[in-house]
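Visitor: Be aware that the sequence shown starts at 657, since it is given in our numbering, and climbs by one per residue.
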Amino acid sequence: MSAKPTSNRDAIQVVARNRKALHDYEVLQRLEAGLALRGTEVKVVREGHAGLIGAYADVDKHTNEAWLHGVNIPPYGFGNIFNHDTHRSRKLLLHRREILKLREHVERKGNTLIPLALYLKKGRVKCELGVCRGKAEYDKRETLRRKESDRETRRAVMSAIKNR
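(1) May I have the straight-line CA-CA distance separating S658 from A667, to the nearest angstrom?
(2) Count Cβ pairs between the stretch 696 to 714 and the stretch 793 to 805 that sit closer than 8 Å; are there 3 or more?
(3) Starting from Y775, follow its DSSP beta bridges and name the residues at the other end.
(4) Which residues in the same chain as R673 place their Cβ atom closer than 6 Å to its Cβ, once the five residues preceding and following it in sequence are excluded?
(5) If we count Cβ pairs, one from each stretch, closer than 8 Å, do we get three or more for the stretch 697 to 714 versus the stretch 762 to 773?
(6) Distance, Cα to Cα, H679 vs F734?
(7) Excluding the five sequence neighbours on either side, which residues of its own chain have a C-beta within less than 7 Å of the C-beta of H718, listed in chain order?
(8) Since E682 sits in a beta bridge, which residues does DSSP pair it with?
(9) Hey, V727 and V781: beta-carbon distance below 8 Å or not?
(10) Buried or exposed: I817, going by 16 or more other Cβ atoms within 10 Å of its Cβ?
(11) Within its chain, find whatever has a CB closer than 8 Å to the CB of N788; leave out the 5 residues flanking it on each side and keep chain order.
(12) Am I right that H705 and P730 are in contact with their C-beta atoms under 8 Å? What's the rounded C-beta distance?
(13) Grouping DSSP H, G and I as helix and E and B as strand, with all else coil, what is V727?
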C-alpha cells in the first residue's frame, strides 16, 4: 500500500531548512513540534518567507514550556498595526512527556535543540527539532571528505553505466 496524500492539503510543503545546522551539528534525535503563531505569521510562512539561521530552542525549567528563539518571520506585507514582531520567541506545542524528555537531553553537557526545518503539514505549521551535539572542526572536514568520496563514486558508477 502506498502512502499517497489524498489531496494537496495532506502533502508536506517545506518552507525553510537549516542546512548550516546539519554542517555544524551532529543530529542525535529528531522530533516534530507545532508552533503557536499569530495570523499574520502563518500567512508569511505560507508564502515561504521564513529563516532559521541562528535559531535555537530551549525548555523553561520553571514552567516546563518549550520555546523557539531567533526564527526570522518578516512582517506581512498587507498587515496593519496588528502585524507581528519579526524575532519574537514562539511557543512550541509538544506533549508534557516530550518536553520533559527534551529537557533531559538538553541538560546533558554539549546538547542543544536546533530547528532543522519549518514545513506545512495538513495546513498547520510544524517545526522539525533536532537534539544536536556540536561538531569539532576535524569532524566537519571528515564529513566533507565522506560526501566528496560518495559523490565521486556515484559519478564513476553513472559513467560506467553510460559507457556500456
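All residues carry an ideal CB built from backbone N, CA and C; glycine is no exception. This structure is a prediction, so every number in the text was calculated from the model and none was measured.
Guide: In short:
(1) For the purposes of this step, residue 658 is taken as the residue at position 2 of the sequence shown. For the purposes of this step, residue 667 is taken as the residue at position 11 of the sequence shown. Legend: pLDDT at S658 = 43, less than 50; position of this residue unreliable, value from coordinates given subsequently. For S658 and A667, the distance between alpha carbons rounds to 14 Å.
(2) Verdict: no, contact absent.
(3) Here residue 775 corresponds to residue number 119 of the sequence shown, with the count starting at 1. As a beta-bridge residue in DSSP terms, Y775 pairs with V670, K782.
(4) In the sequence shown, the residue the question calls residue 673 occupies position 17. Same-chain partners within the cutoff: A773.
(5) Cβ pair count under 8 Å is three or more, so yes.
(6) Taking the first residue of the sequence shown as position 1, residue 679 is located at position 23. Taking the first residue of the sequence shown as position 1, residue 734 is located at position 78. Roughly 36 Å separates the two Cα atoms.
(7) For this step, residue 718 is matched to residue 62 along the sequence shown. Answer for H718: no residue qualifies.
(8) On the sequence shown, residue 682 is found 26 positions in, with the first residue counted as 1. Answer by DSSP bridge pairing, in chain order: R789.
(9) The residue labelled residue 727 in the question sits at position 71 within the sequence shown. The residue labelled residue 781 in the question sits at position 125 within the sequence shown. The criterion of a C-beta distance shorter than 8 Å is not satisfied by V727 and V781.
(10) Taking the sequence shown and counting its residues from 1, the one referred to as residue 817 is at position 161. With fewer than 16 other Cβ atoms inside 10 Å of its own Cβ, I817 counts as exposed.
(11) Taking the first residue of the sequence shown as 1, we reach residue 788 at position 132. The residue you asked about is not Asn; residue 788 is Cys in the sequence shown. Here the set comprises A677, Y681, E682, V683, L684, N767, T768, L769, I770.
(12) For the purposes of this step, residue 705 is identified with residue 49 of the sequence shown, where counting begins at 1. For the purposes of this step, residue 730 is identified with residue 74 of the sequence shown, where counting begins at 1. Contact check for H705 and P730: beta-carbon distance about 5 Å, within the 8 Å limit, so the pair qualifies.
(13) Here residue 727 refers to the residue found at position 71 when the sequence shown is read from its first residue. V727: coil per DSSP, three-state reduction.
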